[in-house]
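Numbering (the working numbering), first residue to last: 22 to 358.
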């Protein structure tokens, strides 16, 4: 009966009901609950973008096209309206018919229709590597100085990315190793503090040549995948983003020790970690109704590293870290020391 009533309410009444429920939750529960409204369609450019110029930037959108709500298409339209003269590369698969791609063809973007590999790798990691790397290679072939890597199921609503690109030069690298020329900007979303080599693979900004170096890694050819009991074992087994970053780390360190110390040295020396709110990222996946999927304001082995915490790394003693955190079971979300 309740579901029937909700399904038959118009949008205005649903919003009123939502606000009542949220207020009640904030008053009666142990949490303050809020919500965010983001437009599905972009009707006109954001005023912040009037003087922004992106002709030297490639925006690489990788992955399978999300047709629900025309999500990927509307994301491309949003970027075209708000990032003046940006070079958009949609790196996806040959699976789609021409009819499914007609709307994208009309938007004057590059579309890479790639062949899927025989082996997808653990958690489809090979699919991500192939689409991302081919998108970056095209940007490099076209001589585009900067590249932004994002996904077909995510949308960036902050339109002032020019300021972020310019900030790369505000944090020059110490040339300890000649691997990257400049730092790569990543977000706190899924950049985990307590997972070795846990830099997010979702969103990146950098010089095209540096992103090419980062993503130029071998595909996952394994047939069997070992079980991971702890956070450290997860990284040793190279699953998800740890597969990508650990291969990058091998270009720097002779031996990987899968320690917090080595991981945070990489965070400190090769990246700029910005808060996910800085770019106002929306993910059309998983817990779509929860704004911050991993945030719970409690010490947690899945805590993400914030911009402030990244800044602190420069003055932090990395020789005195609590490395035993990495031995906690991966299925335990809360840990009170």
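Just so it is clear, CB atoms sit at the ideal spot from N, CA and C, and this is done for glycine as well.
Please list, in chain order, all residues of the same chain as residue i whose beta carbon is under 6 Å from its beta carbon, the five residues on each side excluded.
i: residue 174; result: 87, 305, 306
i: residue 293; result: 192, 204, 206
i: residue 268; result: 238
i: residue 156; result: 81, 83, 110, 112
i: residue 78; result: 107, 167
i: residue 52; result: none
According to the neighbour-count rule (16 or more other Cβ atoms, all chains shown, within 10 Å of its Cβ), is residue i buried or exposed?
i: residue 217; result: buried
i: residue 96; result: buried
i: residue 274; result: exposed
i: residue 121; result: exposed
i: residue 343; result: exposed
i: residue 82; result: buried
i: residue 338; result: exposed
i: residue 370; result: With the chain running from 22 to 358 in the structure shown, residue 370 is simply not present.
i: residue 100; result: buried
i: residue 184; result: exposed
i: residue 147; result: buried
i: residue 48; result: exposed
i: residue 55; result: exposed
i: residue 182; result: buried
i: residue 172; result: buried
i: residue 259; result: buried
i: residue 73; result: buried
i: residue 255; result: buried
i: residue 61; result: exposed
i: residue 297; result: buried
i: residue 154; result: buried
Quick check on DSSP: helix, strand or coil for residue i?
i: residue 366; result: With the chain represented from 22 up to 358, any question about residue 366 goes unanswered, as that position is not in the structure.
i: residue 78; result: strand
i: residue 58; result: coil
i: residue 156; result: helix
i: residue 363; result: Nothing can be reported for residue 363: it is not among the residues displayed for the chain, which extend from 22 to 358.
i: residue 256; result: helix
i: residue 338; result: coil
i: residue 32; result: helix
i: residue 51; result: coil
i: residue 41; result: helix
i: residue 131; result: strand
i: residue 195; result: coil
i: residue 89; result: helix
i: residue 185; result: helix
i: residue 213; result: strand
i: residue 136; result: coil
i: residue 325; result: strand
i: residue 355; result: Reliability of the predicted coordinates at residue 355 is poor, the pLDDT of 43 falling under 50, and the value obtained from them is presented with this limitation in mind. Of the three classes helix, strand and coil, the one that applies to residue 355 here is coil, per DSSP.
Leaving out the 5 sequence neighbours to the left and right, which residues in its chain are closer than 8 Å to residue i when beta-carbon positions are compared?
i: residue 356; result: Caution is warranted here: a pLDDT of 40 is assigned to residue 356, below 50, making its placement in the model unreliable, and no coordinate value can be reported.
i: residue 336; result: none
i: residue 131; result: 108, 109, 110, 111, 159
i: residue 63; result: 95, 98, 99, 102, 103
i: residue 270; result: 218, 277, 283, 287
Could you spell out the range, first to last residue, of the beta strand (DSSP E) harbouring residue i?
i: residue 294; result: 292-295
i: residue 270; result: No beta strand (DSSP E) holds residue 270; the alpha helix (DSSP H) holding it covers 262-270.
i: residue 175; result: 175-177
i: residue 108; result: 108-114
i: residue 228; result: 225-228
i: residue 167; result: 167-172
i: residue 206; result: 205-208
Less than 7 Å between C-beta atoms, sequence neighbours within five positions excluded: which residues of the same chain meet that for residue i?
i: residue 272; result: 200
i: residue 242; result: 140
i: residue 251; result: 347, 348, 349, 350, 351
i: residue 299; result: 179
i: residue 286; result: 339
i: residue 222; result: 149, 262, 265
Going by DSSP, what residue range makes up the alpha helix (DSSP H) through residue i?
i: residue 328; result: 328-333
i: residue 246; result: Looking at the DSSP string, residue 246 is not in any alpha helix (DSSP H), and its letter there is neither H nor E.
i: residue 303; result: Careful: residue 303 lies outside any alpha helix (DSSP H), inside the beta strand (DSSP E) at 302-304.
i: residue 122; result: 119-126
i: residue 346; result: No alpha helix (DSSP H) holds residue 346; DSSP gives it neither H nor E.
Using 7 Å as the limit for Cβ to Cβ distance, is residue i near chain C?
i: residue 269; result: No chain C appears in the structure shown, which is made up of a single protein chain.
Got a sec: does the ligand NAD put a non-hydrogen atom nearer than 6 Å to the Cβ of residue i?
i: residue 102; result: The model on display carries no ligand, and the ligand NAD is accordingly not part of it.
* Asked: How about the segment 230-249 and the segment 174-186: do they share at least three Cβ pairs that are nearer than 8 Å?
  -> No, the segment 230-249 is not in contact with the segment 174-186.
* For the 8 Å Cβ check, are there 3 or more pairs between the segment 206-216 and the segment 241-251? -> Under the three-pair Cβ rule at 8 Å, the segment 206-216 does not count as touching the segment 241-251.
* Asked: Below 8 Å, can you find three or more Cβ-Cβ pairs linking the segment 273-281 to the segment 143-163?
  -> no
* Asked: If we count Cβ pairs, one from each stretch, closer than 8 Å, do we get three or more for the segment 111-122 versus the segment 133-149?
  -> yes
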